[in-house]
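Protein chains in written order, with our numbering: chain H, 77 to 555; chain Z, 68 to 362. What follows is one structure encoded as structure tokens, with my remarks underneath.
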């Protein structure tokens, strides 16, 4: 019995040792190609601040890594490989390999800047067909593909090479990519990153602080930085700065009297509410007071004027217009932030690009809707463009345009919407139109809706139910 | 042997009953029972017990403990009597009668209750004690609690010390600063949190030193990362003259607390933070290295 106990103990110890060994091996990998050992990222940094990659643990002296002057402790977040293109078959194989990892590649065309080509999901076609031996030329461009959306690609262009930048998330990614690239190339490029947490935190903090000096630095990051996480943070911070700058009239009231509290009813309701949402103001309607939140609201009132000046003078409109389109900005969070900026700044010049987003059938619905929202905030000047979009575009765009028109209101809009409701047969659009007309809610709108109710009298359709709901909510108006 | 203890217990019980206030006994009985609305009914008994015997410490304590505003209609006199402040008063009266016993109960027992109202009433009573001459004894108990092996005691003590320290920083802050050198990590951690909540600028140098200790040569001199991280957050709560200290951390490239310092600065809204943050953005962040393979 005693020996059995010892045996059992030994077994537990043995399993423990195996577990330790197994996990120990699992977070390290010796790379024969570069002759260095890499290890997993510290668990407390992993996935924090979208940091990813592997860390160099040790380097064999005089090996390739050593000669390239890599040093231990560096974080490798991208491995970059090249595919040389000699014939059509090379091209097809290279595209397949490059797109497989992350639906993203760089196309080098002779005499042109390298082009980044991204598809929305795995397996989507890039859209190019090529021919030739030695010199490979573009033979055909398929419409509706990423390649067709780029103005820089023409039939007859010579393809030099394809470059594949792979973001590394794990040791497995690293191992796989290095082994693949080593088979085709005599060299591999590594992109190392300093932990970008500090920068992301700085970018976010600068958005919160609301200081005019941050605007240029954030624009620079959005335009030129390679780290997606940092660009996203910069777009969000700019969005917040624009929102803060819009509240300048409110802060000027506090500043003019040099106080931190004012009667709530002396302030513009919309500004007051936005300031509350942004956490700058505390409103007590019962006591009729609006108090700047300490410390931030109080500090910010001194900076508000200069921020407003900077935002109104700066090239923010142009910048935002550039990054709202799917073909210039693959990251939807950035497109959304830029649309939101345009909605706040309300420039008439943005109507055309906004309509383009609204009508872009490749764009996701949420972003198209955001474009409609921005147009409705621009208001009256956007009416004609929205009506045109309603008349010409696809169902989804019609829907968004109709609800944007409903938010703008006005006689011209109302008459257009009523007419549209009376002529359209699409039930989905009918619903949106009823909703939009009900929002306008004046006498002619109501009688138009009455007519519709008569039209759908014996119907059990969604529109009938919806109309009933609209009327019942009107007879018992909410306080 | 068991029988013997049981007998003694029974004897005490009988003697106790003889001396005890009748209503108090009934109230306690109710609490132990599983009757409907037992607490509400017990509270009535405790009130009668106090009417009969104004100095009964236990009745005061139990009334403070169980008298919830939920039993009464809002804004009625009885409802007002069940406010946190009034419940705290009852705790305090119990303390006045039997100081040593109830001080210990309040610090190690009452504060630990699940009901926030009970906790707040206890805080109210302990604040009264600190204001009315019981400070020395109170501090002794709080120190014992913050050095306890049980993390609930430590947490409760930090909470009371922070709250008393807000109105009276001159005694609490030096005491908490002393605790930053305590051998138990949990004690230091709670002291740091309390200093942040008090928000006194007097704590800045001590906290800064603690944060700095991360790069000490001897491992024994280094504070653990969690506590240092909390110290940065504490500086963020103190604000004012802590801003330059936080800026210094953001500029220290070797520090693992830069992100924490930046976050603290962003909530303070101080203009002095802007330039250092812009500088941080200019740091070179990545490079490309071409590795020529051997084969």
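Even glycine gets a Cβ: it sits at the ideal position worked out from N, Cα and C. Please read these numbers as outputs of a predicted model, since none were measured by experiment.
Could you tell me which of the options sits nearest to residue i, measuring between CA atoms?
i             : options                       : result
residue 241/Z : 200/Z, 257/Z, 149/Z and 269/Z : 269/Z
residue 137/Z : 250/Z, 324/Z, 126/Z and 150/Z : 150/Z
residue 434/H : 458/H, 421/H and 420/H        : 458/H
residue 174/Z : 205/Z, 161/Z, 154/Z and 183/Z : 205/Z
residue 342/Z : 282/H, 302/H and 254/H        : 282/H
residue 359/Z : 106/H, 110/H and 104/H        : 110/H
residue 280/H : 309/H, 273/H and 296/H        : 309/H
residue 154/H : 231/H, 302/H and 511/H        : 302/H
residue 216/Z : 290/Z, 251/Z, 190/Z and 223/Z : 251/Z
residue 372/H : 415/H, 394/H, 320/H and 200/H : 320/H
residue 540/H : 529/H, 550/H, 547/H and 548/H : 529/H
residue 132/H : 147/H, 140/H and 138/H        : 147/H
residue 441/H : 427/H, 474/H and 204/H        : 474/H
residue 235/H : 316/H, 249/H and 210/H        : 210/H
residue 114/Z : 100/Z, 132/Z and 101/Z        : 132/Z
residue 165/H : 449/H, 208/H, 394/H and 185/H : 208/H
residue 297/H : 201/Z, 349/Z and 246/Z        : 349/Z
residue 461/H : 406/H, 221/H and 478/H        : 478/H
residue 286/H : 142/Z, 148/Z, 344/Z and 108/Z : 344/Z
residue 162/Z : 122/Z, 141/Z and 139/Z        : 122/Z
residue 527/H : 494/H, 85/H, 501/H and 517/H  : 494/H
residue 289/Z : 108/Z, 103/Z, 255/Z and 160/Z : 255/Z
residue 248/Z : 318/Z, 144/Z, 295/Z and 226/Z : 295/Z
Are the CB atoms of residue j and residue i within a distance shorter than 8 Å?
i             : j             : result
residue 420/H : residue 318/H : yes
residue 274/Z : residue 300/Z : no
residue 224/H : residue 329/Z : no
residue 368/H : residue 330/H : yes
residue 224/Z : residue 231/Z : no
residue 409/H : residue 305/H : no
residue 208/Z : residue 264/Z : no
residue 415/H : residue 465/H : no
residue 274/H : residue 156/H : no
residue 90/Z  : residue 116/Z : yes
residue 376/H : residue 336/Z : yes
residue 470/H : residue 446/H : no
residue 179/Z : residue 221/Z : no
residue 184/H : residue 212/H : no
residue 298/Z : residue 313/Z : no
residue 507/H : residue 500/H : no
At a Cβ threshold of 8 Å, is residue i touching chain H?
i             : result
residue 294/Z : no
residue 329/Z : yes
residue 288/Z : no
residue 333/Z : yes
residue 336/Z : yes
residue 366/Z : Since the first residue of chain Z shown is 68 and the last is 362, residue 366/Z is not available in this structure.
residue 109/Z : no
residue 361/Z : yes
residue 297/Z : no
residue 345/Z : yes
For residue i, would you say it is in contact with chain Z, using Cβ-to-Cβ distances shorter than 8 Å as the test?
i             : result
residue 350/H : no
residue 119/H : Its pLDDT being 49, under 50, residue 119/H is placed unreliably in this model, and the value from its coordinates should be taken loosely. Chain Z contact via Cβ: absent.
residue 160/H : no
residue 330/H : no
residue 231/H : no
residue 190/H : no
residue 268/H : yes
residue 284/H : yes
residue 100/H : Low local confidence applies: a pLDDT of 45 at residue 100/H is under 50, so the model's placement there is unreliable, with the coordinate-based value given in what follows. For residue 100/H, the answer is no, since every Cβ of chain Z falls outside 8 Å of its Cβ.
residue 115/H : no
residue 323/H : no
residue 252/H : no
Are the C-beta of residue i and some C-beta of chain A separated by less than 8 Å?
i             : result
residue 273/H : This model lacks chain A altogether, as its protein chains are H and Z.
Quick one, which residues of the region 356-369 of chain H are near chain Z if we go by CB-CB under 7 Å, in chain order?
none
With three or more beta-carbon pairs closer than 8 Å as the criterion, would you say the region 175-192 of chain H touches the region 284-291 of chain H?
no
Spell out a yes or no on whether the region 259-270 of chain H and the region 346-359 of chain H are touching, meaning 3 or more CB-CB pairs, one atom from each, closer than 8 Å.
no
Does the region 341-352 of chain H come close enough to the region 375-390 of chain H that 3 or more CB-CB pairs lie under 8 Å?
no
Under 7 Å, CB to CB, which of the residues in the region 247-269 of chain Z have a partner in chain H?
none
Short of 7 Å Cβ to Cβ, which residues in the region 459-479 of chain H face chain Z?
none
Using a Cβ-Cβ cutoff of 9 Å, what residues of the region 348-359 of chain Z are near chain H? List them in chain order.
348, 349, 350, 351, 352, 353, 354, 355, 356, 357, 358 and 359
Determine contact between the region 474-489 of chain H and the region 502-514 of chain H, defined as no fewer than three beta-carbon pairs at a distance below 8 Å.
yes
Could you run through the region 138-151 of chain Z and flag, in chain order, every residue whose CB is less than 9 Å away from some CB of chain H?
none
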